[in-house]
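Q: Under the numbering used here, the first residue of the sequence shown carries the number 2, and numbering increases by one thereafter.
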Amino acid sequence: MDRLSARFGVDYHDGEAPLGADALRERLQGKAGAYITGTERITAELLAACPDLRVVSTMSVGYNHIDLAACTARGVLVTNTPDVLTETTADFGFALLMATARRMSEGERLLRDGGWKSWSWDFLAGADIYNSTLGILGMGRIGQAIARRGRFGFGMNVVYHNRSRLPAETETELGARYVAKDELLRQADHLVLVLPYSAESHHCIAAAELALMKPTATLINIARGGIVDEDALAAALREQRIAAAGLDVFEGEPRVNPALLTLPNVVLTPHIASATMPTRLAMAGLAADNLIAALTGATPPTPLNAEVLTR
Ligand code: DGY
Numbered sequence: 002m003d004r005l006s007a008r009f010g011v012d013y014h015d016g017e018a019p020l021g022a023d024a025l026r027e028r029l030q031g032k033a034g035a036y037i038t039g040t041e042r043i044t045a046e047l048l049a050a051c052p053d054l055r056v057v058s059t060m061s062v063g064y065n066h067i068d069l070a071a072c073t074a075r076g077v078l079v080t081n082t083p084d085v086l087t088e089t090t091a092d093f094g095f096a097l098l099m100a101t102a103r104r105m106s107e108g109e110r111l112l113r114d115g116g117w118k119s120w121s122w123d124f125l126a127g128a129d130i131y132n133s134t135l136g137i138l139g140m141g142r143i144g145q146a147i148a149r150r151g152r153f154g155f156g157m158n159v160v161y162h163n164r165s166r167l168p169a170e171t172e173t174e175l176g177a178r179y180v181a182k183d184e185l186l187r188q189a190d191h192l193v194l195v196l197p198y199s200a201e202s203h204h205c206i207a208a209a210e211l212a213l214m215k216p217t218a219t220l221i222n223i224a225r226g227g228i229v230d231e232d233a234l235a236a237a238l239r240e241q242r243i244a245a246a247g248l249d250v251f252e253g254e255p256r257v258n259p260a261l262l263t264l265p266n267v268v269l270t271p272h273i274a275s276a277t278m279p280t281r282l283a284m285a286g287l288a289a290d291n292l293i294a295a296l297t298g299a300t301p302p303t304p305l306n307a308e309v310l311t312r
């Protein structure tokens with residue numbers, strides 16, 4: 002805020018609740034730049050109603066809340082915050098995997114509720130992580146950082162599926178093997194979703210995909226909620242067709258599908274995978290760098306539609 006207000010007039014939305022579409026449209030009247038997070042939606046209709054807007058800087062790596070094609074068509078530059086959150090997000094993905102596979106939330110709830118009576122041989126027995134098979138769907142920067150943790154930290158056998166296969170030298174460096182999506186679902190002991198959300202990936206984990214997974218498998222989603230059909234997941238968890246799930250993202254967040262809230266074998270966290278103070282400050286700083294550069298005629302560090310700059 003200090004850096005932005007030293008250069009520009011700033012209209013800051015200082016509230017917990019995100020701006021709805023109407024309020025956002027109103028507040029963007031006459032504004033050249035928008036500094037947003039993943040909760041504001043930039044649609045073609047909004048762009049048409051805000052003709053002065055030239056730059057949208059989102060403090061997030063994901064940009065499914067922005068109609069990038071519409072921005073490009075209107076000459077609106079869009080920037081995001083890649084790289085600075087990769088390792089922090091991968092740490093969290095791994096933490097969620099471990100908490101889920103080892104039933105940590107379930108154990109803590111039981112202990113706090115006074116349900117810990119004695120030691121018994123199969124009490125809260127979960128799934129092994131060391132030496133198991135880690136499946137990764139979406140092998141971008143964060144997927145690769147998770148693969149390194151699995152392979153070199155936990156001796157895991159890493160398999161992945163991605164729209165495009167990684168170069169052979171990257172696969173060798175990561176110790177990761179490319180497989181078809183169905184094969185990934187069949188082989189993974191722990192499946193981590195790290196792919197971008199789009200019309201193509203909407204509900205790409207639904208009943209048919211869950212049916213291919215092992216009954217002992219863990220599913221982790223740190224990407225976007227809409228990738229998973231939550232009703233189908235709740236049914237699979239309830240009927241123990243898969244063992245457990247760890248979810249940091251939800252289709253209607255901050256609302257959580259009530260069917261998930263009642264299940265013991267799911268760990269639920271409120272979209273905090275990148276939430277460490279150093280990383281959030283780095284994201285905030287990069288989003289400010291992008292906005293300042295774009296509005297002062299310089300090249301922003303991380304544009305999403307750089308073609309707009311050459312027009
Ligand atoms: C991101 O950066 O995309 C995270 O999900 C936070 O919004």
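Just so you know, even glycine gets a beta-carbon here, dropped at the ideal spot from N, CA and C. This one's a predicted model, so the numbers in the text were calculated from it and none came from an experiment.
What three-state label does DSSP hand ASN222 in the structure shown?
A: Position 221 of the sequence shown, counted from the start, is the residue given in the question as residue 222. Reduced to three states, the DSSP call for ASN222 is strand.
Q: Can you give me the C-alpha to C-alpha distance between SER202 and GLU210, rounded to a whole angstrom?
A: Stepping through the sequence shown from its first residue, residue 202 is reached at position 201. Stepping through the sequence shown from its first residue, residue 210 is reached at position 209. If you take the alpha carbons of SER202 and GLU210, they lie about 13 Å apart.
Q: Measure the alpha-carbon distance for LEU196 versus LEU97 and round it to whole angstroms.
A: On the sequence shown, residue 196 is found 195 positions in, with the first residue counted as 1. On the sequence shown, residue 97 is found 96 positions in, with the first residue counted as 1. One alpha carbon belongs to LEU196, the other to LEU97, and they sit about 17 Å apart.
Q: Cβ of PRO302 less than 7 Å from any chain D Cβ?
A: Of the protein chains in this structure there is only one, and it is not chain D.
Q: Mapping DSSP to helix, strand and coil, what is ASN158?
A: The residue given as residue 158 occupies position 157 in the sequence shown. ASN158 falls in the strand class under three-state DSSP.
Q: Is VAL268 near ligand 1, going by C-beta to nearest heavy atom under 6 Å?
A: Walking along the sequence shown from the start, residue 268 turns up at place 267. Outside the cutoff, so no.
Q: Ignoring anything shorter than 3 residues, give me the beta strand (DSSP E) runs that lie fully in the stretch 51-111, in order along the chain.
A: 56-59 and 78-80
Q: Taking the alpha-carbon of PRO279 as reference, which of ALA50, THR101, LEU86 and THR134 has the nearest alpha-carbon?
A: Numbered from its first residue, the sequence shown carries residue 279 at position 278. Here the closest residue by C-alpha is LEU86.
Q: Per DSSP, which one or two residues make a beta bridge with ILE43?
A: Taking the sequence shown and counting its residues from 1, the one referred to as residue 43 is at position 42. Bridge partners of ILE43: ILE67.
Q: Quick one: residues with CB closer than 6 Å to any heavy atom of ligand 1, in chain order, please.
A: GLY39, SER61, VAL62, GLY63, LEU86 and SER275
Q: By the 10 Å Cβ neighbour count, where 16 or more other Cβ atoms means buried, how is THR80 classified, buried or exposed?
A: Numbered from 1 along the sequence shown, position 79 holds the residue referred to as residue 80. That one is buried.
Q: What do you get for GLY144, buried or exposed, if any count of 16 or more other CB atoms within 10 angstroms of its CB means buried?
A: Counting from one through the sequence shown, the residue named residue 144 turns up at place 143. The residue in question, GLY144, is buried, as its Cβ has 16 or more Cβ neighbours within 10 Å.
Q: Report all residues from its chain with a CB closer than 8 Å to the CB of ARG28; omit the five preceding and five following residues, and keep chain order.
A: Position 27 of the sequence shown, counting from 1, holds the residue named residue 28. Cβ within range, chain order: ASP12, HIS14 and LEU20.
Q: Cα separation between ASP183 and LEU213?
A: Within the sequence shown, the letter at position 182 stands for residue 183. Within the sequence shown, the letter at position 212 stands for residue 213. Computed Cα separation, rounded: 7 Å.
Q: Take THR234 as the anchor and find which of PRO259, ASP129 and PRO255 has the nearest alpha-carbon.
A: Your numbering for residue 234 matches position 233 in the sequence shown. What sits at residue 234 in the sequence shown is Leu, not Thr. Selected option, being the one with the closest Cα: PRO259.
Q: Provide the residue(s) that pair with ARG178 in DSSP beta bridges, ordered along the chain.
A: In the sequence shown, counting from the first residue as 1, residue 178 sits at position 177. Beta-bridge pairing links ARG178 to VAL160.
Q: So what does DSSP say about LEU310, is it helix, strand or coil?
A: Position 309 of the sequence shown, counted from the start, is the residue given in the question as residue 310. DSSP places LEU310 in helix when its eight states are reduced to three.
Q: Give the single residue among HIS66, GLU41, CYS51 and CYS72 whose Cα lies nearest to the Cα of GLU308.
A: Walking along the sequence shown from the start, residue 308 turns up at place 307. Among HIS66, GLU41, CYS51 and CYS72, the Cα nearest to that of GLU308 is on CYS72.
Q: Just checking, does the stretch 40-51 make contact with the stretch 240-250 on the three C-beta pairs under 8 Å criterion?
A: Short answer: they don't touch.
Q: Is the beta carbon of ILE137 sitting closer than 7 Å to the one on PHE155?
A: As a first step, residue 137 must be located in the sequence shown, where it is residue number 136. As a first step, residue 155 must be located in the sequence shown, where it is residue number 154. Not closer than 7 Å, so no.
Q: Would you call the stretch 52-66 and the stretch 282-290 in contact, with 3 or more CB pairs under 8 Å?
A: yes
Q: Which one of HIS162, LEU264, ARG142 and HIS191 has the shortest CA to CA distance from THR89?
A: Along the sequence shown, read from residue 1 onward, the residue named residue 89 stands at position 88. Minimum Cα-Cα distance from THR89 among the listed residues HIS162, LEU264, ARG142 and HIS191 corresponds to ARG142.
Q: How about LEU296 and VAL57: are their beta carbons less than 7 Å apart?
A: Along the sequence shown, read from residue 1 onward, the residue named residue 296 stands at position 295. Along the sequence shown, read from residue 1 onward, the residue named residue 57 stands at position 56. No, the Cβ-Cβ distance between LEU296 and VAL57 is not below 7 Å.
Q: Could you check how far apart the C-beta atoms of THR270 and ASP249 are, in whole angstroms? I think they sit under 8 Å.
A: Residue mapping note: residue 270 aligns to position 269 of the sequence shown, counting from 1. Residue mapping note: residue 249 aligns to position 248 of the sequence shown, counting from 1. Yes, THR270 and ASP249 are in contact; Cβ-Cβ is about 5 Å, under 8 Å.
Q: Can you check which of these residues, PRO302, PRO304 and THR217, is closest to ARG187 by C-alpha distance?
A: The sequence position of residue 187 within the sequence shown is 186, counting from 1. ARG187 has its Cα closest to that of THR217, out of PRO302, PRO304 and THR217.
Q: Inspect the beta-carbon positions of PHE93 and ARG150 and report whether they are closer than 7 Å.
A: Translated into positions along the sequence shown, residue 93 becomes position 92. Translated into positions along the sequence shown, residue 150 becomes position 149. The answer is no: Cβ separation not under 7 Å.
Q: Does the Cβ of ASN163 have 16 or more other Cβ atoms within 10 Å, making it buried, or fewer, making it exposed?
A: Counting from 1 along the sequence shown, the entry for residue 163 is found at position 162. ASN163 is buried by the Cβ-count criterion.
Q: For PHE124, count neighbouring Cβ atoms within 10 angstroms of its own Cβ and tell me buried if that reaches 16, exposed if not.
A: Stepping through the sequence shown from its first residue, residue 124 is reached at position 123. Exposed.
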